[in-house]
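Trainee: One rule links them: number in the numbering used here = place in the sequence shown (from 1) + 14.
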Amino acid sequence: MVSHDVTGFTSISLVGDGELSVTPGAFGVSVSAEDNVMPSVVVEVDGDTLVLRRDSDWGEGVRPTYPIEFMVSLPEIKVLRVSGSGRAAVQDVPVADGLMLIVYGSGEIRVASAQAPTVVADVEGSGQVTLDDVSASRLVSQIDGSGRVTATGTAGDLNVDIGGSGLHRSTGLRTTGAAEVEIVGSGQALVWVEQRLDVQINGSGTVTYRGDPAVNAVGGAGEGVRRQGG
């Protein structure tokens, strides 16, 4: 295991196929990899972003037989981005103004016990974001492709935007205010909302809801809206 002395970052970008564990605490970065792989691992800070990747020129033809493991601690986090097939897990890290979670490709982000005014989960591709026990004034779920966003906990308001065949599942997330869902394509949204549900569907997408909200379906979207168990 190799430790890196880097500080001053509030965002993390994982590029490639590594595994990342993020915990609260003082700034710290450690990497575990095979001896022939370690020299190709790049750990650098670009502005306020910690970048974790492999040097493609150096590492060409050298393939890990087990995933590179990154262990990062920091006082607070604002943005976590996974590009590729990597996997990241965040546990109990404080969030100041808001939290943005971005997956490009087939990667995965899992966050436990996040509290923030606004949480944004953005998936482009076939990846997924999982939020366990989130508490947010507003949760935004954006899916472009066949990806998935799953959330449990509580939120004041919910915004879901699906383009493609993606799946948003938050029947374990109590939305105490309003939810807005827009689907273009064959995507599915499963939500729990108490006050108001606004739905717009262009395609064969469906919205299944839990709770007893006032439902406003724009255009022909009503055919794709159903109550859970109904």
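We put the CB at the ideal spot given by N, CA and C, even for glycine.
Entirely within the stretch 31–81 and at least 3 residues each: give me those beta strand (DSSP E) ranges in chain order.
Mentor: Segments of the beta strand (DSSP E) lying fully in the stretch 31–81: 33–38, 42–46, 55–60, 63–68.
Trainee: Thinking C-beta only, is W206 closer than 8 Å to T222?
Mentor: Against a cut-off of 8 Å, the Cβ pair of W206 and T222 comes out as no contact.
Trainee: Tell me, please, whether the stretch 128–135 touches the stretch 106–114 by the rule of three or more beta-carbon pairs shorter than 8 Å.
Mentor: A contact exists between the stretch 128–135 and the stretch 106–114.
Trainee: Where do the N-terminal and C-terminal ends of the beta strand (DSSP E) with M85 fall, by residue?
Mentor: 83–88 is the span of the beta strand (DSSP E), which, as asked, contains M85.
Trainee: How close, in whole Å, do the beta carbons of I176 and G219 come, if the pair is a contact with beta carbons under 8 Å?
Mentor: Right, their Cβ atoms sit about 7 Å apart.
Trainee: Which class does G180 belong to by DSSP, given the choice of helix, strand or coil?
Mentor: Correct three-state label for G180: coil.
Trainee: Once DSSP output is grouped into helix, strand and coil, what is the label at E138?
Mentor: Three-state DSSP puts E138 in a strand.
Trainee: What are the boundary residues of the beta strand (DSSP E) that G119 is part of?
Mentor: Element bounds for G119: 113–119.
Trainee: Quick check: what's the CA-CA separation for A40 versus S155?
Mentor: Going from the Cα of A40 to the Cα of S155 covers about 30 Å.
Trainee: Rounded to the nearest angstrom, what separates S140 and G161 at their Cα positions?
Mentor: Distance between the alpha carbons of S140 and G161 is about 4 Å.
Trainee: So what's E208 in DSSP terms, helix, strand or just coil?
Mentor: If DSSP states are grouped into helix, strand and coil, E208 belongs with coil.
Trainee: From what residue to what residue does the beta strand (DSSP E) around V107 run?
Mentor: Per DSSP, V107 belongs to no beta strand (DSSP E) and is neither H nor E.
Trainee: Do G121 and S87 have their CB atoms nearer than 8 Å?
Mentor: The answer is no: Cβ separation not under 8 Å.
Trainee: So what's G238 in DSSP terms, helix, strand or just coil?
Mentor: G238 falls in the helix class under three-state DSSP.
Trainee: Going by the CB atoms, is the gap between V148 and G167 shorter than 8 Å?
Mentor: In contact: G167 and V148 (Cβ atoms closer than 8 Å).
Trainee: Let me know the secondary structure DSSP gives A169 once reduced to three states.
Mentor: Of the three classes helix, strand and coil, the one that applies to A169 here is strand, per DSSP.
Trainee: What does the Cβ neighbour count give for E196, buried or exposed, with the cut at 16 atoms within 10 Å?
Mentor: E196 is buried by the Cβ-count criterion.
Trainee: Strictly by DSSP, which residues pair up with V198?
Mentor: BP columns for V198 point to G177, N216.
Trainee: Taking DSSP as the reference, what is the three-state secondary structure of A128?
Mentor: Correct three-state label for A128: coil.
Trainee: Could you pull the start and end residues of the beta strand (DSSP E) that V16 belongs to?
Mentor: Its beta strand (DSSP E) spans residues 16–18.
Trainee: What residue range does the beta strand (DSSP E) around G98 cover?
Mentor: Run containing G98: 93–98, per the beta strand (DSSP E) assignment.
Trainee: Mark S25 as exposed unless 16 or more other C-beta atoms lie within 10 angstroms of its C-beta, in which case mark it buried.
Mentor: So S25 ends up on the buried side.
Trainee: Quick one: grab the DSSP three-state call for D146.
Mentor: Looking at D146 - three-state DSSP - the assignment turns out to be strand.
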